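Some notes on the structure that comes next.
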Amino acid sequence: MMDTFSRHRPLALLATVVLAQVLLLAFQIKRENNVRLIRYWAVELMTPLERAGTWTFSHVGGIWSGYVGLRNTRAENERLRNDVNTLRLRNRELESESAEAHRLATLLNFKEAHTEAPMLAAQVIGASADPTSHTLFINRGERDHVRRNMGVITPDGVVGKIVEVFPSTAQVLLINDKDSGVGALFASSRTHGVVKGSGDPQPHMDYVVNEEKLQSGDAIVTSGEDRIFPKDLLIGTVEATKPGNPFQVISVRPAARLDRLEDVIVLLSQQELLPKKTEEASDTNDVTPTQSGAQPATLPAPKASGVVTDPNKFKPAATASIQSTVPANKTPAPKPTPQR
Amino acid sequence: MSYMLNVGAHSEPNVEVHKFYSGTIIGTVLLALVFQAFLHKYGRWSELIDLPLLVTIYFGVSRRNPVSGLFLGGAIGILQDALSHDNPIGMYGIAKTLVGYLASSVGARIDTEHPLSRFGLIFLFFHFHQAILAVTQRVLLNHSAPFFTLHLFIDSLVTAAFGVVLFALLDRLRRNS
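Keeping their order, the protein sequence lines are chains B and C. For the first sequence, counting from 1, position 131 maps to 131 in this note's numbering; every step adds exactly one. For the second sequence, counting from 1, position 132 maps to 132 in this note's numbering; every step adds exactly one.
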């Protein structure tokens, strides 16, 4: 090694001196942007090394985090999956509770808006096993002072009536059952008729003459003549009409969602429901719970009422607003078939 | 005046090395630099001759020691850079370092005493020097310096002719061995 250096000493010295002067030049010369050449070279020299270092570290880090560091990931993944399932279940429970709270709040609001009429909130606990029979069971019975022929409604509209009473439950005959019939009239024209079930999901309104001008969406309310439901409770709207002999065939869209009932109100008397503004009712916070005490006292009061008093201002059930207590002009109608 | 014939690498130990009186080299170098700067005042013709280059070549081929040749060339070049107002230090330094080294190496191998060979050596070293300058300027300074032009060719001829005369004068400063 030393021999080699001694033999090439002049050449090595030449290279050293030239290199030293090149570096000296590089230190003085400035390239564009006023950057010294020595710095430019240093950056050019170091950048590939830094890039290589970064690449190496990132890949080593990637290998570490992608393989070595994933030892506990499987267990953690399992744990997180379980957490997600638990939280998903909990979320469903909360959603269900929220929906239930909303429904109960609606009922409570309706009840508060009509304190003049005794009523009882109830939960639907079952339905008829017979597919042709449109009935359901509620969790209120004789012990709750429920009696036969009491009306059952929701804030949206009429549901049906009590047909059988047991000690702690009762059976409700829905308005679309073929044995059902509700005294009804059109909110606008006050023309009377009877809303009857036909076995189909949609009930029909009978005893309306062909000359009666009807439009789809016309509101149909209770007439009170069946002595079950108070007057002016919303039953539904006209869905379709066609001439018949001797009466029109009128298909009715029930205001209450008869296929999705969960909470209902049992009218303990035929006391007529006086329309009240829901805002006023919702100001009252000290709510007296029903006998079961199931309803929350501080839930928000949704704006809904199944009572229709001003036919000119009628809107579909969810947005129906109460405007006046004065019934519209009544028009004589064919005598309805009495309730069974 | 002794003429050296072509000698190979094996005969290097027998190469005749010329020595000078003390202070001759330093004085000559300084005079060359001063004259070069002084002559610049008198117009374009002075630029035809590169006195520091001639001095570098002369002492390189006379001393025939590559190490001293490269250091002498480097020192002359750096001084020349330092005396110029815009050259970065090292521009002429690199070129003359290489010229000094090569001149010393060549001086040990071929006849450098005959006027014709001196003319040829100076002519070649002039263009080698210019080539190194051009490369350095192109690479480091991003300047488009020419490698060869007619003007440079004339310069090289004038410098070589002047160098033959200068070398003969400088031979008188040699110390008799």
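Positions of the beta carbon are idealized from the N, C-alpha and C atoms, including for glycine. Since the structure is predicted, the reported quantities are computational estimates derived from the model, not experimental observations.
message = I'd like to know whether the C-beta of P48 (chain B) is nearer than 8 Å to at least one C-beta of chain C.
response = no
task = Measure the alpha-carbon distance for I76 (chain C) versus R36 (chain B) and round it to whole angstroms.
result = 25 Å
key: Residues of the segment 73-91 of chain C whose Cβ lies closer than 7 Å to any Cβ of chain B, in chain order   = G74, P88, I89, G90, M91
ask   = Do L170 (chain C) and Y21 (chain C) come within 8 Å of each other at the CB atom, strictly closer than that value?
value = Taking 8 Å as the Cβ cut-off, Y21 (chain C) and L170 (chain C) do not qualify as a contacting pair.
key: Reduced DSSP category for E164 (chain B) - H, G, I as helix; E, B as strand; rest coil   = strand
ask   = In chain B, what lies closer than 8 Å to L53 (chain C) by C-beta?
value = Going along chain B, no residue has its Cβ under 8 Å from L53 (chain C), so there is no contact; the nearest lies around 16 Å.
Exposed unless 16 or more other CB atoms sit within 10 angstroms - verdict on I265 (chain B) = buried
ask   = Going by the beta-carbon positions, is the gap between A103 (chain C) and F125 (chain C) smaller than 8 Å?
value = yes
query = At what residues does the beta strand (DSSP E) containing M205 (chain B) begin and finish?
reply = 204-206
ask   = Taking the C-alpha atoms as reference points, what is the distance between S105 (chain C) and I26 (chain C)?
value = Looking at the two C-alpha atoms, the distance is approximately 21 Å.
query = How many Å lie between G151 (chain B) and M119 (chain B) at the Cα?
reply = 10 Å
inquiry  = Please classify D286 (chain B) as buried or exposed, where buried requires at least 16 other C-beta atoms within 10 Å of its C-beta.
reply    = Any reading at D286 (chain B) needs caution, since the residue's pLDDT is 37, under 50, leaving its predicted position unreliable; the model's value is listed next. Its Cβ having fewer than 16 others within 10 Å, D286 (chain B) is exposed.
message = Which residues in chain C have a C-beta closer than 7 Å to the C-beta of I29 (chain B)? List them in chain order.
response = The contacting residues are P88, L140, L141.
key: Residues near L33 (chain C) in its chain [Cβ-Cβ closer than 8 Å; skip 5 each side]   = L51, P52, I76, L79, Q80, L83, listed in sequence order.
inquiry  = Checking the sheet assignment: what are the DSSP bridge partners for M119 (chain B)?
reply    = B:L267
key: K96 (chain C) - containing alpha helix (DSSP H), residue span   = Per DSSP, K96 (chain C) belongs to the alpha helix (DSSP H) from 91-107.
task = Would you check if the distance between the CB atom of F119 (chain C) and the CB atom of A168 (chain C) is smaller than 8 Å?
result = no
ask   = Helix or strand or just coil, what does DSSP make of V61 (chain C)?
value = helix
query = Interface residues of chain B around V67 (chain C) at Cβ under 9 Å?
reply = Under the 9 Å cutoff, chain B gives R9, P10, L13, L14.
task = Mind listing the chain C neighbours of V18 (chain B)? Cutoff is C-beta to C-beta under 8 Å, in chain order.
result = I94, T97, L98
ask   = When we look at the beta-carbon of E95 (chain B) and count the other beta-carbons within 10 Å, is it buried (16 or more) or exposed?
value = exposed
message = G183 (chain B) and V172 (chain B) - do their beta-carbons sit closer together than 8 Å?
response = no
query = Who does F247 (chain B) pair with in a DSSP beta bridge?
reply = B:V209
task = Could you say which of B:G244, B:I138, B:D232 lies nearest to S128 (chain B) if we only look at CA atoms?
result = B:I138
request  = From the DSSP output, read off the bridge partner residues of Q171 (chain B).
outcome  = B:F137, B:E164
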